[in-house]
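In mature numbering (1 follows the signal peptide of the UniProt record, and there is no 0), the protein residues as written are -21 to -1, 1 to 238.
Ideal Cβ positions, reconstructed from N, Cα and C, are used throughout, including at glycine.
Read the structure below first, then the notes.
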């Protein structure tokens, strides 16, 4: 549990770094994944409605990851890595800095990273996208724009039809620093601010691009919870997302810009 708390702290810091760079006020609300389930609608309809209202009204949504999938499914989209044990959790994780190669150059992720051929990011996972389902997933509209050196391990996925829907196998938040935010977190905040296109056309120089817009100069994080830990407020705006397939519990982060 201590490890998970530390990881979630990295997420919040990365969001703050990006918001400061964009000169935007950041409000973070944690939404329990369980509050979004159908069973909650039956047992606690008020909590269910509040959670969904908050999620639908968010300017941006970040899902830290999780393993809430059906382990008994006959068509698994997510599987244990071949080199990992399917029964023993210890010592089976893919750890450390790993290289991701962009296979699609005309994509949001590549542009945010500055149109480079590859990026090195920190990994901490034991699951991966099922290679046997890549064609089916891409035919459905997803685009796996970043892969490992073999081309068989998926690292970055985008939904081109969405304004900003990016999923990564690694942890971009680990390299985020004050004054040097993670490119993908900057993309999320820029999308929430309505400045993503400007940032993309600036070849990854997101901070310069998005700070040229209207701003109230605030940069801070506020967290809100009601008495039972659920969400208490919502905002208007489109939902944009960054999804990191780490080892978290599947909670979501609600973002609000102030401009």
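Proximity below 7 Å, CB of residue i to CB of residue j
i	j	result
residue 161	residue -8	yes
residue 155	residue 124	no
residue 134	residue 79	yes
residue 175	residue 143	yes
residue 105	residue 150	no
residue 152	residue -12	yes
Nearest residue (CA-CA) to residue i, options the options
i	options	result
residue 29	8, 49, 38 and 43	8
residue 3	181, 172 and 58	172
residue 113	17, 57 and 5	57
residue 52	109, 76, 85 and 23	109
residue 128	54, 26, 97 and 21	97
residue 43	84, 60, 10 and 16	10
residue 140	119, 126, 50 and -5	119
residue 107	126, 94 and 132	132
residue 93	15, 166, -5 and -6	166
residue 148	177, 59 and 169	59
residue 54	76, 111, 84 and 83	111
Which of helix, strand or coil DSSP assigns to residue i
i	result
residue 138	coil
residue 59	strand
residue 8	strand
residue 36	coil
residue 44	strand
residue 144	strand
Check: residue i C-beta below 6 Å from any heavy atom of the ligand MG
i	result
residue 18	Ligands are entirely absent from the displayed structure, and the ligand MG is therefore not among its contents.
> Which parts of the stretch 75 to 124 are runs of the beta strand (DSSP E), unbroken and 3 residues or longer, counting only runs that do not cross its ends?
Replying inline: 97 to 104 and 106 to 108
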